[in-house]
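Undergrad:
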Amino acid sequence: MEIIIKPDYGSLCDAAALMVLTGLRRKPDLVLGLATGRTPLGLYERLRNSGSLFGKARFFNLDEFFGLGPDHPDSVHYYLRRHLIDGVTHDPRNVHLLRGDVQDLEAEAEAYEEEIRAAGGIDLQILGVGSNGHVGFNEPGSSLGSRTRPKALEPETLEHYRQAGAGEVPRFTLTMGVGTIMEARSILLLATGEEKAEVVSRMAEGPVTAEVPASALQMHPRAVALLDEAAASRLRRRDYWKWVHENKWRIGRTKF
Ligand code: GLP
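Residue numbers (numbering that gives the first Met the number 0): 0 to 255.
Next up, the structure:
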């Protein structure tokens, strides 16, 4: 896992937007996997301002709440439409969002895996991390080889949503599995603020364990964790990572 540390949230979002836009310039039909939550809001705002590059881009979501339809304000659909997809020029045929308002969750999960395969796989997966180490809705204890499937949220995650101003969100969800996420060609995980410092150190410098599903990213050949100073504050090798980032141009490695 490569660690990039930016001084603050604004510069973290600038760097993340540059990575996404660079990916789109190289491959206009980029297959994007999208996270929700507070963390990527600044990234999505910047992407909306460069909206014309998304004409051929393909969009997948990480997860969705069981029972919430696309128009429900707490749904992942609603969030992604509002904060990104409807704000950029896009082809509606390229929007592949997992639905939570279905009768047969297992069938929806299988069909979603098939849709990802048919698109040729996810090129760039945007991730956040829960304070308990979850990615998507893969709560601690999730199999690191898991595929898209139903999952139940931990009380801590439900509380996070309450504090973020959402109502009572459903405890059951559908989420890409850790194994599904790990098949993305590139992964860009964003973390900001002191409240993520502990989990970031467990994710990046602790053992690879299902207790911290985000730690699976240590096994990914092209995973970048883009952090602000506060989120990086408990990393033992913080100074090392800063040095690497500032000096890698010396060996011709400047690009993501
Ligand atoms: C949520 C979402 C994730 C998100 C994470 C962190 O439960 N399923 O996609 O990355 O939790 O959220 P936040 O960025 O608000 O801290």
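Glycine included, C-beta positions come from ideal geometry on N, C-alpha and C.
1) Please name the residue, chosen from Pro-72, Asp-100, Leu-143, Glu-114, that lies closest to Arg-92 on a Cα-to-Cα basis.
2) For the 8 Å Cβ check, are there 3 or more pairs between the stretch 144-163 and the stretch 173-183?
3) Does DSSP put Phe-53 in a helix, in a strand, or in coil?
4) Pick out whichever of Lys-247, Thr-191, His-244 has its Cα sitting closest to the Cα of Ser-232.
5) Would you say the beta carbon of Thr-267 is closer than 7 Å to some non-hydrogen atom of the ligand GLP?
6) Between the beta-carbon of His-95 and the beta-carbon of Ala-56, is there less than 8 Å?
7) For Arg-98, tell me which candidate among Gly-164, His-82, Arg-81, Asn-60 has the shortest Cα-Cα distance.
8) Just to confirm before moving on: does the CB-CB distance between Leu-225 and Asp-122 stay below 8 Å?
9) Nearest to Ile-180 by CA position, among Glu-210, Ser-214, Val-168, is which residue?
10) Would you call the CB atoms of Thr-38 and Leu-189 closer than 8 Å?
11) Since Leu-83 and Leu-23 should fall inside the 8 Å C-beta cutoff, what is the C-beta to C-beta distance between them, to a whole number of angstroms?
12) Using CA atoms only, rank isn't needed, just tell me which of Ala-209, Met-202, Tyr-111 is closest to Glu-1.
13) Near Met-227, what residues of its chain come up, given a Cβ to Cβ distance below 6 Å and the 5 sequence neighbours on each side ignored?
14) Cα separation between Gly-68 and Glu-210?
15) Would a C-beta distance cut-off of 8 Å place Ala-163 and Ala-196 closer than the cut-off?
16) Per DSSP, Glu-193 is paired with what?
17) Going by C-alpha to C-alpha distance, which of Ser-185, Tyr-160, Arg-249 sits closest to Pro-220?
18) Quick one: is the Cβ of Val-30 within less than 7 Å of any heavy atom of the ligand GLP?
19) Check whether the Cβ of Asp-227 lies closer than 7 Å to any heavy atom of the ligand GLP, and answer yes or no.
20) How would you label Tyr-111, buried or exposed, when you count the other beta carbons within 10 angstroms and need 16 or more for buried?
21) Identify whether Ser-145 lies in helix, strand or coil by the three-state DSSP scheme.
22) Quick one: give me the first and last residue of the beta strand (DSSP E) that Gln-124 is part of.
23) Which residues bound the beta strand (DSSP E) around Gly-178?
24) For Pro-212 and Ser-141, which I take to be in contact (beta-carbon distance under 8 Å), what is that distance rounded to the nearest angstrom?
TA: Well, looking at it:
1) Glu-114
2) yes
3) helix
4) Thr-191
5) Past the edges of the chain, shown from 0 to 255, lies residue 267, and the structure says nothing about it.
6) no
7) Asn-60
8) no
9) Ser-214
10) yes
11) 13 Å between Cβ atoms; not a contact.
12) Met-202
13) Rather than Met, the amino acid found at residue 227 in this sequence is Asp. The answer, listed in chain order, is Lys-5, Asp-7, Tyr-8, Leu-11, Thr-191.
14) 31 Å
15) no
16) DSSP output for Glu-193 lists no bridge partner at all.
17) Ser-185
18) no
19) no
20) buried
21) coil
22) 123-126
23) First-last for Gly-178: 177-181, but that is the alpha helix (DSSP H), not the beta strand (DSSP E).
24) 5 Å
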